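Colleague:
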Amino acid sequence: MGILNVTPDSFSDGGRFERVDAAVRQAESMLEAGAHIIDVGGESTRPGAEAVDDQAELDRVLPVIEAITERFDAVVSVDTSKATVMREAAAVGAGMINDVRALQSPGSLHAAVSTGLPVCLMHMQGEPRTMQQAPQYEHVVSEVIDFLVQRRDECVAAGVENSQIVVDPGFGFGKTLMHNLMLLKHLNRLCEHAPVLSGLSRKRMFAQILGSDSASRETASVSAALLCVQNGASIVRVHDVRPTVEALAVYNAVKNVDTNNSYG
Ligand code: YH5
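Count along the sequence shown starting at 1, add 14, and that's the number in this note's numbering.
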């Protein structure tokens with residue numbers, strides 16, 4: 015899954031056409047590099063980010079989703095928590111809903127059910143504006159698993175097909191470095207319950223591990239994506255598609271070696 019941010023900070027000046035055009039070109043390059051899904055998001059959920067209103071988010075994401083689904087044979091997921099955005103995105107061709115609030119916002123569960131689309135349910139402690147102030151858990155891995163299993167069951171009860179649900183531990187969303195590392199190390203436990211999507215790409219934990227003066231988080235992000243897949247993740251949400259695809263090609267070649275030949 016390639017990340018396509020359409021927040022104002024991600025595309026500088028230029029008018030509406032320029033913004034949509036730049037987004038389409040970025041989507042095209044991620045698809046050429048081997049992405050299967052393009053995740054389009056118009057709400058910044060970085061630590062400290064302020065909320066955005068419905069109309070602003072619709073104006074940002076709809077033209078981009080429509081343009082990508084018109085031009086390419088690709089699945090577009092919409093990174094949103096808003097019921098209206100889910101409905102309208104589905105109407106212009108979105109193929110998946112990615113919700114960092116796990117369909118807990120008003121009307122969002124009902125809206126997601128009405129689209130019939132697959133959903134990603136993510137765990138977050140708190141709200142983006144304040145979530146990194148003092149994240150606390152007694153047992154982070156079990157608490158995240160319990161939350162996601164409960165949300166999955168609630169979504170199934172509301173009409174989402176079980177086979178259409180993926181879950182995500184929400185790296186960096188109300189978690190310290192230690193919480194993130196614990197969740198990564200024990201990701202296979204979550205994978206026992208549902209297919210897992212994981213998003214670590216370029217997050218702050220790499221600055222904490224590497225020292226914050228490290229200019230690029232790319233190598234660290236690619237390594238982490240590989241660890242997630244090795245621990246059972248089905249989908250990795252990344253900025254750097256090409257190097258991630260290359261790392262996963264090595265992983266798959268090794269994994270499949272004895273099923274593809276008879277030199278055992
Ligand atoms: C995710 O993990 N994350 S938006 C801060 C960064 C870098 C990147 C400080 N949407 C996830 O990507 N959806 C986001 O550097 C997501 N899982 C799912 N399912 C935050 C983000 C980022 C934040």
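Every residue, glycine too, gets a C-beta built ideally from N, C-alpha and C.
Note that this is a predicted model, so its numbers are computed, not measured.
Beta-carbon within less than 7 Å of residue 174's beta-carbon, same chain only, minus the 5 sequence neighbours each way: which residues are those?
Modeller: As a working mapping, residue 174 is identified with position 160 in the sequence shown. Taken in chain order, the residues that qualify are 126, 127, 133.
Colleague: Decide if residue 139 is buried, meaning its Cβ has at least 16 other Cβ atoms within 10 Å, or exposed.
Modeller: As a working mapping, residue 139 is identified with position 125 in the sequence shown. So residue 139 ends up on the buried side.
Colleague: Could you tell me which residues DSSP pairs with residue 112 in its beta bridges?
Modeller: What you label residue 112 is simply residue 98 of the sequence shown in a count that begins at 1. Residue 112 is bridged to 93, 134.
Colleague: May I ask you to report which of helix, strand or coil DSSP gives residue 170?
Modeller: Locating residue 170 in the sequence shown gives position 156, counting from the first residue. Three-state DSSP puts residue 170 in a helix.
Colleague: CA-CA distance, residue 233 and residue 90?
Modeller: What you label residue 233 is simply residue 219 of the sequence shown in a count that begins at 1. What you label residue 90 is simply residue 76 of the sequence shown in a count that begins at 1. Rounded to whole angstroms, residue 233 to residue 90 spans 26 Å at the Cα level.
Colleague: Comparing C-alpha positions only, which one of 195, 208, 212, 199 sits nearest to residue 12?
Modeller: Nothing about residue 12 can be read from this structure; the chain reaches only from 15 to 278.
Colleague: Determine the extent of the beta strand (DSSP E) in which residue 87 is found, giving its start and end residues.
Modeller: Counted from its first residue, the sequence shown places residue 87 at position 73. Element bounds for residue 87: n/a, residue is neither H nor E.
Colleague: Check residue 274 in the structure and name its three-state DSSP category.
Modeller: Reading the sequence shown from its first residue, position 260 is the one you call residue 274. Reduced to three states, the DSSP call for residue 274 is helix.
Colleague: In chain order, what residues of the same chain lie with their CB nearer than 8 Å to the CB of residue 159, ignoring the 5 residues before and after it?
Modeller: Here residue 159 refers to the residue found at position 145 when the sequence shown is read from its first residue. So the list reads 203, 204, 207, once near-sequence residues are dropped.
Colleague: Please go through the same chain and pick out, in chain order, the residues whose beta-carbon is closer than 6 Å to the beta-carbon of residue 163, but skip the five residues on each side of it.
Modeller: Counting from one through the sequence shown, the residue named residue 163 turns up at place 149. Within the same chain, 207 come within 6 Å of residue 163 by CB-CB distance, once the 5 residues on both sides are set aside.
Colleague: Say whether chain C places a C-beta atom closer than 8 Å to the C-beta of residue 209.
Modeller: Structure shown: chain C not included; a single protein chain is present.
Colleague: Beta carbon of residue 215: closer than 7 Å to some heavy atom of the ligand YH5?
Modeller: Here residue 215 refers to the residue found at position 201 when the sequence shown is read from its first residue. Checking every heavy atom of the ligand YH5 against the Cβ of residue 215, one is found closer than 7 Å.
Colleague: Mapping DSSP to helix, strand and coil, what is residue 177?
Modeller: Against the sequence shown, residue 177 aligns to sequence position 163. Residue state, collapsed to three classes: helix.
Colleague: Given a cut-off of 8 Å, decide if residue 193 and residue 161 are closer than it, judged by their beta-carbon atoms.
Modeller: Translated into positions along the sequence shown, residue 161 becomes position 147. Translated into positions along the sequence shown, residue 193 becomes position 179. Not a contact, by the Cβ cut-off of 8 Å.
Colleague: Going by C-alpha distance, which of 189, 228, 197 is nearest residue 241?
Modeller: For the purposes of this step, residue 241 is identified with residue 227 of the sequence shown, where counting begins at 1. For residue 241, the nearest C-alpha among the options comes from 197.
Colleague: For the beta strand (DSSP E) holding residue 53, just list the boundary residues, first then last.
Modeller: Translated into positions along the sequence shown, residue 53 becomes position 39. Note, residue 53: beta strand (DSSP E), 51-55.
Colleague: Please name the residue, chosen from 151, 178, 201, 145, that lies closest to residue 186 on a Cα-to-Cα basis.
Modeller: If you number the sequence shown from 1, residue 186 lands on position 172. Closest by alpha carbon: 145.
Colleague: Taking C-beta to C-beta, are residue 41 and residue 52 nearer than 8 Å?
Modeller: In the sequence shown, the residue the question calls residue 41 occupies position 27. In the sequence shown, the residue the question calls residue 52 occupies position 38. Yes. Within cutoff.
Colleague: Give the DSSP-derived three-state secondary structure of residue 182 in the structure shown.
Modeller: The count along the sequence shown starts at 1 and reaches residue 182 at position 168. Of the three classes helix, strand and coil, the one that applies to residue 182 here is strand, per DSSP.
Colleague: Quick one, which of 67, 189, 77 has its alpha-carbon nearest residue 214's?
Modeller: One-based indexing of the sequence shown puts residue 214 at position 200. When only C-alpha atoms are compared, the closest one is 189.
Colleague: Relative to the alpha-carbon of residue 148, which residue among 239, 259, 62, 45 has its alpha-carbon at the smallest distance?
Modeller: In the sequence shown, counting from the first residue as 1, residue 148 sits at position 134. The shortest Cα separation from residue 148 among 239, 259, 62, 45 belongs to 62.
Colleague: Using a 10 Å radius around the Cβ and a threshold of 16 neighbouring Cβ atoms, would you call residue 225 buried or exposed?
Modeller: Looking up residue 225 in the sequence shown gives position 211. Residue 225 should be labelled exposed.
Colleague: Quick one: what does DSSP say residue 122 is sitting in, helix, strand or coil?
Modeller: Taking the first residue of the sequence shown as position 1, residue 122 is located at position 108. Helix.
Colleague: Output yes or no for whether 8 Å exceeds the beta carbon distance between residue 212 and residue 183.
Modeller: Against the sequence shown, residue 212 aligns to sequence position 198. Against the sequence shown, residue 183 aligns to sequence position 169. Yes, they are a contact pair.
Colleague: Based on Cα-Cα distance, which residue from 19, 109, 39 lies nearest to residue 58?
Modeller: Within the sequence shown, numbered from 1, the residue matching residue 58 stands at position 44. With distances taken between Cα atoms, residue 58 lies closest to 19.
Colleague: Report back the beta-carbon spacing between residue 54 and residue 79 to the nearest angstrom; my notes put them in contact at under 8 Å.
Modeller: Taking the sequence shown and counting its residues from 1, the one referred to as residue 54 is at position 40. Taking the sequence shown and counting its residues from 1, the one referred to as residue 79 is at position 65. About 5 Å; that satisfies the 8 Å criterion.
Colleague: Can you tell which of 75, 108, 84, 250 has its C-alpha closest to the C-alpha of residue 129?
Modeller: Mapped onto the sequence shown, residue 129 falls at position 115. Closest by alpha carbon: 108.
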